[in-house]
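Count the sequence shown with numbering that gives the first Met the number 0 and you get residues 0 to 142, in order. Where is the CB? At the ideal position from N, CA and C, for every residue including glycine.
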Amino acid sequence: MTISELAAEFGITPRTIRYYEEVGLLSPHRDTPTSQRLYNERDRARLKLILRGKRFGYSLAELKDILELYEIDPSQRQQIMRTLEYGLRHIQEIDERIEELREIRGEMLEFAASFLRILEEQGEDGEFVGRAREIVEAMEKGN
(Lines of atoms letter the chains of each structure in order from A and count residues from 1; the text may use other names and numbers.)
(Lines give C-alpha, C1' and ligand atoms only; values in the text may rest on other atoms or scores of the structure.)
Protein backbone atom coordinates (compact mmCIF):
# COMPACT_ATOMS: atom_id res chain seq x y z
CA MET A 1 0.00 0.00 0.00
CA THR A 2 1.38 3.45 -0.87
CA ILE A 3 1.40 6.50 1.35
CA SER A 4 -1.38 8.09 -0.71
CA GLU A 5 -3.58 5.01 -0.38
CA LEU A 6 -2.99 4.80 3.36
CA ALA A 7 -3.65 8.52 3.82
CA ALA A 8 -6.87 8.29 1.81
CA GLU A 9 -8.08 5.30 3.81
CA PHE A 10 -7.72 7.17 7.10
CA GLY A 11 -8.66 10.64 5.85
CA ILE A 12 -5.32 12.22 6.71
CA THR A 13 -2.56 13.78 4.65
CA PRO A 14 0.58 12.00 3.47
CA ARG A 15 2.49 14.68 5.37
CA THR A 16 0.92 13.48 8.62
CA ILE A 17 2.07 9.93 7.89
CA ARG A 18 5.58 11.18 7.07
CA TYR A 19 5.63 13.05 10.37
CA TYR A 20 4.68 9.87 12.24
CA GLU A 21 7.62 8.22 10.48
CA GLU A 22 9.96 11.07 11.47
CA VAL A 23 9.08 10.67 15.15
CA GLY A 24 9.45 6.89 14.99
CA LEU A 25 5.83 5.78 15.18
CA LEU A 26 5.77 4.19 11.72
CA SER A 27 8.51 2.50 9.72
CA PRO A 28 7.36 1.45 6.26
CA HIS A 29 9.38 -0.91 4.10
CA ARG A 30 11.72 0.56 1.47
CA ASP A 31 13.94 -1.39 -0.88
CA THR A 32 16.37 1.54 -1.01
CA PRO A 33 16.47 4.85 0.88
CA THR A 34 15.09 6.63 -2.19
CA SER A 35 12.43 4.09 -3.13
CA GLN A 36 8.73 4.50 -2.53
CA ARG A 37 7.43 3.71 0.94
CA LEU A 38 5.36 0.54 1.08
CA TYR A 39 2.98 0.09 3.99
CA ASN A 40 1.85 -3.33 5.15
CA GLU A 41 -0.94 -4.47 7.46
CA ARG A 42 1.28 -3.90 10.51
CA ASP A 43 1.77 -0.25 9.52
CA ARG A 44 -1.96 0.10 8.91
CA ALA A 45 -2.75 -1.33 12.36
CA ARG A 46 -0.19 0.96 14.00
CA LEU A 47 -1.62 4.00 12.21
CA LYS A 48 -5.12 3.05 13.31
CA LEU A 49 -3.88 2.81 16.92
CA ILE A 50 -2.04 6.14 16.62
CA LEU A 51 -5.10 7.96 15.30
CA ARG A 52 -7.37 6.41 17.93
CA GLY A 53 -4.84 7.33 20.62
CA LYS A 54 -4.67 10.92 19.37
CA ARG A 55 -8.47 11.13 19.44
CA PHE A 56 -8.38 9.92 23.05
CA GLY A 57 -5.81 12.57 23.96
CA TYR A 58 -2.64 10.49 24.12
CA SER A 59 0.57 12.32 23.29
CA LEU A 60 2.82 11.04 20.53
CA ALA A 61 5.42 10.16 23.18
CA GLU A 62 2.85 8.05 25.03
CA LEU A 63 1.82 6.34 21.81
CA LYS A 64 5.44 5.63 20.93
CA ASP A 65 5.97 4.14 24.38
CA ILE A 66 2.91 1.89 23.97
CA LEU A 67 3.93 0.78 20.47
CA GLU A 68 7.51 0.06 21.54
CA LEU A 69 6.23 -2.15 24.37
CA TYR A 70 4.50 -4.33 21.80
CA GLU A 71 7.85 -4.97 20.12
CA ILE A 72 9.35 -6.01 23.48
CA ASP A 73 6.40 -8.06 24.78
CA PRO A 74 4.38 -9.89 22.11
CA SER A 75 1.94 -11.06 24.83
CA GLN A 76 0.84 -7.41 24.98
CA ARG A 77 0.65 -7.55 28.81
CA GLN A 78 2.96 -4.57 29.33
CA GLN A 79 1.35 -2.67 26.48
CA ILE A 80 -2.11 -3.20 27.96
CA MET A 81 -0.95 -2.12 31.42
CA ARG A 82 0.72 1.03 30.07
CA THR A 83 -2.28 1.86 27.89
CA LEU A 84 -4.54 1.48 30.92
CA GLU A 85 -2.23 3.67 33.01
CA TYR A 86 -2.24 6.44 30.40
CA GLY A 87 -5.96 6.00 29.78
CA LEU A 88 -6.87 6.37 33.44
CA ARG A 89 -4.71 9.48 33.67
CA HIS A 90 -6.48 10.97 30.63
CA ILE A 91 -9.90 10.16 32.07
CA GLN A 92 -8.93 12.02 35.24
CA GLU A 93 -7.75 14.99 33.15
CA ILE A 94 -11.02 14.93 31.19
CA ASP A 95 -13.03 14.91 34.42
CA GLU A 96 -11.01 17.89 35.69
CA ARG A 97 -11.59 19.73 32.42
CA ILE A 98 -15.32 18.99 32.54
CA GLU A 99 -15.47 20.47 36.04
CA GLU A 100 -13.57 23.57 34.85
CA LEU A 101 -15.97 23.95 31.93
CA ARG A 102 -18.97 23.64 34.25
CA GLU A 103 -17.55 26.42 36.42
CA ILE A 104 -16.88 28.62 33.39
CA ARG A 105 -20.38 27.91 32.06
CA GLY A 106 -21.90 28.93 35.39
CA GLU A 107 -19.91 32.16 35.48
CA MET A 108 -20.82 33.01 31.90
CA LEU A 109 -24.47 32.29 32.60
CA GLU A 110 -24.34 34.66 35.58
CA PHE A 111 -22.83 37.36 33.37
CA ALA A 112 -25.46 36.78 30.69
CA ALA A 113 -28.26 37.03 33.25
CA SER A 114 -26.81 40.22 34.74
CA PHE A 115 -26.34 41.82 31.31
CA LEU A 116 -29.90 40.86 30.42
CA ARG A 117 -31.15 42.52 33.64
CA ILE A 118 -29.22 45.68 32.79
CA LEU A 119 -30.80 45.81 29.33
CA GLU A 120 -34.26 45.21 30.78
CA GLU A 121 -33.71 47.94 33.41
CA GLN A 122 -32.75 50.29 30.59
CA GLY A 123 -36.07 49.58 28.93
CA GLU A 124 -34.79 47.30 26.19
CA ASP A 125 -37.45 44.81 25.20
CA GLY A 126 -36.85 44.05 21.54
CA GLU A 127 -36.69 40.77 19.71
CA PHE A 128 -33.05 40.19 20.69
CA VAL A 129 -33.72 40.72 24.40
CA GLY A 130 -36.72 38.39 24.24
CA ARG A 131 -34.67 35.63 22.60
CA ALA A 132 -31.82 36.20 25.03
CA ARG A 133 -34.22 35.95 27.98
CA GLU A 134 -35.59 32.64 26.67
CA ILE A 135 -32.09 31.26 26.22
CA VAL A 136 -30.89 32.36 29.66
CA GLU A 137 -34.00 30.94 31.34
CA ALA A 138 -33.63 27.62 29.51
CA MET A 139 -29.97 27.42 30.48
CA GLU A 140 -30.70 28.23 34.11
CA LYS A 141 -33.26 25.41 34.22
CA GLY A 142 -30.71 23.08 32.67
CA ASN A 143 -28.13 23.76 35.39
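| Asked | Found |
| --- | --- |
| Looking at R43 and L5, is the spacing between their C-beta atoms short of 8 Å? | yes |
| In terms of residues, what are the limits of the alpha helix (DSSP H) holding G56? | It is not in any alpha helix (DSSP H) - G56 carries neither H nor E in the DSSP assignment. |
| Relative to the alpha-carbon of E21, which residue among S3, R54 and A60 has its alpha-carbon at the smallest distance? | A60 |
| Per the contact definition of three or more C-beta pairs closer than 8 Å, is the region 88–95 in contact with the region 119–126? | no |
| Assess contact between the region 31–39 and the region 52–69, defined as three or more Cβ pairs (one per stretch) separated by less than 8 Å. Is contact present? | no |
| With DSSP as the reference, label L25 as helix, strand or coil. | coil |
| Less than 8 Å between the CB atoms is what I'm expecting for L50 and F9, so what's the real figure, rounded? | 6 Å |
| Assign Q75 to one of two classes, buried (16 or more other C-beta atoms within 10 Å of its C-beta) or exposed (fewer than that). | exposed |
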